[in-house]
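Novice:
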Amino acid sequence: EIYLAGLGGVVPELPADLHRLEEVARTRLTPQAHGYVAGAAGAERTARDNLAAFDQWKIVPRMLRDVAERDLSVTVLGTQMPAPVILGPVGVLRILHPDGELAVARAAKALGVTMTLSTAASTAMEEVAAEAGPRWFQLYWPKDRELAASFVHRAKESGYTALVVTLDTFAMAWRPRDLDQAYLPFLQGIGVQNYWSDPVFHKAIGGPVTEDNRDRALLHWAANFGDASLTWGDLAWLREEWDGPIVLKGIQHLDDARRAVDAGMDGIVVSNHGGRQVDGAIPSLQALPAIAAEVGSRITVLFDSGIRSGADVAKALALGAEAVMIGRPYAFGLGLAGEDGVRHVLRCLMAELDLTLALAGRSTLADVGRDLLSP
Ligand code: FNR
Numbered sequence: 021e022i023y024l025a026g027l028g029g030v031v032p033e034l035p036a037d038l039h040r041l042e043e044v045a046r047t048r049l050t051p052q053a054h055g056y057v058a059g060a061a062g063a064e065r066t067a068r069d070n071l072a073a074f075d076q077w078k079i080v081p082r083m084l085r086d087v088a089e090r091d092l093s094v095t096v097l098g099t100q101m102p103a104p105v106i107l108g109p110v111g112v113l114r115i116l117h118p119d120g121e122l123a124v125a126r127a128a129k130a131l132g133v134t135m136t137l138s139t140a141a142s143t144a145m146e147e148v149a150a151e152a153g154p155r156w157f158q159l160y161w162p163k164d165r166e167l168a169a170s171f172v173h174r175a176k177e178s179g180y181t182a183l184v185v186t187l188d189t190f191a192m193a194w195r196p197r198d199l200d201q202a203y204l205p206f207l208q209g210i211g212v213q214n215y216w217s218d219p220v221f222h223k224a225i226g227g228p229v230t231e232d233n234r235d236r237a238l239l240h241w242a243a244n245f246g247d248a249s250l251t252w253g254d255l256a257w258l259r260e261e262w263d264g265p266i267v268l269k270g271i272q273h274l275d276d277a278r279r280a281v282d283a284g285m286d287g288i289v290v291s292n293h294g295g296r297q298v299d300g301a302i303p304s305l306q307a308l309p310a311i312a313a314e315v316g317s318r319i320t321v322l323f324d325s326g327i328r329s330g331a332d333v334a335k336a337l338a339l340g341a342e343a344v345m346i347g348r349p350y351a352f353g354l355g356l357a358g359e360d361g362v363r364h365v366l367r368c369l370m371a372e373l374d375l376t377l378a379l380a381g382r383s384t385l386a387d388v389g390r391d392l393l394s395p
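The sequence shown begins at 21 in the UniProt record's numbering and counts up one residue at a time.
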């Protein structure tokens, strides 16, 4: 479609290459919005290494395999997907665009892509659900158990079908760009609306959030955001509260992947939060093959951190992921062009994945295995 439009002289407004899209975002977004998305922990080594890890694997194309009919659709944890690409949770998206999470929900729905709504969203989960297609909810497990239960029950009520529990962020890491930019004033303006709209949260601060008690609400939010005392034993409680699939996000060690299986979880996301938590941590792609080989036949293994192209998706699939999540690319798309920008990013990524696999001689996901790659 893009090539054909080009024949007619139409030059797309946004680049088709997602690395280039990041460069455009750097020049067009405010420094605060750009810094919020691009930033990572410490000297940002892990964020860089996440990208570089993909260069260590090369695709080996095969020829004459009849790839005229192709189908990349897949069902993950009961959710049908046109391709193995999911929008990962990204908080406070209204920092990037006034329509924030709603624009993302509309773009994803138009393409049948699953979105994962962050606990730290700037739009309440019920409002997003009203506009969204397939949707999962990401839980930042708060210190207040009653609040955690409330989030989970609200998510169920409003049709989120899987719970993605982020384990690697019970506290925000040392993120110099955020510290330097002090983006918290933005938060005051747009709010973390899943908290702001929660009856348990209201009880704790003595009523709904208003102009007058916003600072109090932010302090209470910050104090309750995560629970550093959680252990594997606590997952049994969550199992009681949520009867759908549970996915643990932030797994990097083989033993933790095994523990997720033992704890009766349905899936994991091999992820280092896009390098935003532990600077110097191993690139997420490096953790994937051993984990997928060990637990992939028992639970769903998803992957994120560093996906920027269709070839990157192909490599993660070949190394054992059932599907991938993306973060920064669609956040930048949102910042540059709202709903259209998110749709652009998804279409580019899915089209490039389709072409890459076809040109490599693969027409379905079942054909994508370790033999796609050479080190
Ligand atoms: C994130 N991520 C994230 N994860 C999560 O579980 N809850 C959240 O609220 C957020 N918020 C968030 C904000 C921003 C600006 C970014 C860039 C990321 C992490 C996200 O889900 C995902 O793990 C990474 O973004 C994947 O890496 P890439 O695709 O950005 O390289």
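For every residue, glycine included, the Cβ atom is placed at its ideal position computed from N, Cα and C.
Quick one: grab the DSSP three-state call for L369.
Specialist: Here residue 369 refers to the residue found at position 349 of the sequence shown. Helix at L369.
Novice: Excluding the five sequence neighbours on either side, which residues of its own chain have a C-beta within less than 8 Å of the C-beta of G55, listed in chain order?
Specialist: Translated into positions along the sequence shown, residue 55 becomes position 35. Answer for G55: R197, D198, D200, Q201, Y203, listed in chain order.
Novice: Classify I22 as buried or exposed, calling it buried when 16 or more other Cβ atoms lie within 10 Å of its own Cβ.
Specialist: What you label residue 22 is simply residue 2 of the sequence shown in a count that begins at 1. Result: exposed.
Novice: Give me the Cα-Cα distance between R279 and W252, rounded to the nearest whole angstrom.
Specialist: In the sequence shown, residue 279 corresponds to position 259, counting from 1. In the sequence shown, residue 252 corresponds to position 232, counting from 1. For R279 and W252, the distance between alpha carbons rounds to 8 Å.
Novice: Among the residues of its own chain, which have a CB less than 6 Å from the CB of D119, if the five just before and after it don't count?
Specialist: Walking along the sequence shown from the start, residue 119 turns up at place 99. Taken in chain order, the residues that qualify are G358.
Novice: Given this structure, state the Cα-to-Cα distance separating A67 from R174, to the nearest angstrom.
Specialist: Stepping through the sequence shown from its first residue, residue 67 is reached at position 47. Stepping through the sequence shown from its first residue, residue 174 is reached at position 154. Their backbone Cα atoms lie some 33 Å apart in a straight line.
Novice: Indicate whether A242 and V229 have their beta-carbon atoms separated by less than 8 Å.
Specialist: Taking the first residue of the sequence shown as 1, we reach residue 242 at position 222. Taking the first residue of the sequence shown as 1, we reach residue 229 at position 209. Going by C-beta atoms, A242 is not nearer than 8 Å to V229.
Novice: Is Q272 helix, strand or coil when you go by DSSP?
Specialist: For the purposes of this step, residue 272 is taken as residue 252 along the sequence shown, with counting starting at 1. It is coil, neither helix nor strand.
Novice: Over the uninterrupted beta strand (DSSP E) stretch that includes I327, give me the two end residues.
Specialist: Here residue 327 is taken as the residue at index 307 of the sequence shown, counted from 1. Where I327 is concerned, there is no enclosing beta strand (DSSP E), given that its DSSP letter is neither H nor E.
Novice: Could you compute how far the alpha carbon of R114 sits from the alpha carbon of A73?
Specialist: Taking the sequence shown and counting its residues from 1, one reaches residue 114 at position 94. Taking the sequence shown and counting its residues from 1, one reaches residue 73 at position 53. In this structure, the CA atom of R114 is about 31 Å from the CA atom of A73.
Novice: Taking 7 Å as the cut-off, is the C-beta of M145 nearer than that to any heavy atom in ligand 1?
Specialist: Counted from its first residue, the sequence shown places residue 145 at position 125. False, no ligand heavy atom lies under 7 Å from that Cβ.
Novice: Buried or exposed: S249, going by 16 or more other Cβ atoms within 10 Å of its Cβ?
Specialist: In the sequence shown, counting from the first residue as 1, residue 249 sits at position 229. With fewer than 16 Cβ atoms within 10 Å of its Cβ, S249 is classed as exposed.
Novice: Assign D387 to one of three DSSP states: helix, strand, or coil.
Specialist: Along the sequence shown, one-based indexing puts residue 387 at 367. Helix, per DSSP.
Novice: Can we say the region 206-222 touches the region 176-193, given the rule of at least three CB pairs closer than 8 Å?
Specialist: no
Novice: Is the region 216-227 touching the region 77-92 in the sense that three or more CB pairs, one from each, lie closer than 8 Å?
Specialist: no
Novice: Please confirm whether any heavy atom of ligand 1 lies closer than 7 Å to the CB of M370.
Specialist: By one-based count along the sequence shown, residue 370 stands at place 350. It does not: the Cβ of M370 is nowhere closer than 7 Å to a heavy atom of ligand 1.
Novice: Pull up the CB-CB distance for N70 and G340, whole angstroms please, since I reckon it's below 8 Å.
Specialist: Counting from one through the sequence shown, the residue named residue 70 turns up at place 50. Counting from one through the sequence shown, the residue named residue 340 turns up at place 320. Not quite, the Cβ-Cβ distance comes to about 17 Å (not below 8 Å), so this is no contact.
Novice: Kindly identify the DSSP beta-bridge partner or partners of A343.
Specialist: In the sequence shown, residue 343 corresponds to position 323, counting from 1. Paired residue(s): L322.
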